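Data first, discussion second: the structure below is written as structure tokens.
Numbering (mature numbering (1 follows the signal peptide of the UniProt record, and there is no 0)), first residue to last: -23 to -1, 1 to 74.
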């Protein structure tokens, strides 16, 4: 279940963040912070609205919202650390409270 959540968040972040150099972390941070804020305040439809059209064609809003609701039982997201920050990769690690 947690692996599916990691993959979902990773795909959301990668699909919504435009290409940028490694020196510019601002777009990644803005999108990441926006997703975390919306998840923690139960604005799950707002997360779907952040996605681009290719993501929207892959999964419906109802499916994503339903999936995210089922993961809310794990708690709030308190921290996201990408391996890019730690070691130069892109997979995401979520810490839930």
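We put the CB at the ideal spot given by N, CA and C, even for glycine. If you're wondering where the values come from, they're calculated on a predicted model, not measured in any experiment.
#### Entry: CA-to-CA distance, residue 24 to residue 50, given in whole angstroms
In the chain shown, the residue the question calls residue 50 occupies position 73. In the chain shown, the residue the question calls residue 24 occupies position 47. CA-CA distance, residue 50 to residue 24, rounds to 17 Å.
### Query
If you run the structure through DSSP and keep just helix, strand and coil, what is residue 54?
On the chain shown, position 77 is the one that residue 54 refers to. In this structure, DSSP gives residue 54 an extended state, which the three-state scheme calls strand.
### Message
For residue 43 and residue 54, what's the separation of their Cα atoms in angstroms?
### Response
Against the chain shown, residue 43 aligns to sequence position 66. Against the chain shown, residue 54 aligns to sequence position 77. CA-to-CA, the gap between residue 43 and residue 54 works out to about 17 Å.
#### Entry: Helix, strand or coil at residue 34 according to DSSP, with G and I counted as helix
The count along the chain shown starts at 1 and reaches residue 34 at position 57. For residue 34, the three-state secondary structure derived from DSSP is helix.
### Buried or exposed (CB count within 10 angstroms, at least 16 for buried), residue 39
Locating residue 39 in the chain shown gives position 62, counting from the first residue. It counts as exposed.
### Task
Give the DSSP-derived three-state secondary structure of residue 29 in the structure shown.
Along the chain shown, one-based indexing puts residue 29 at 52. Coil, per DSSP.
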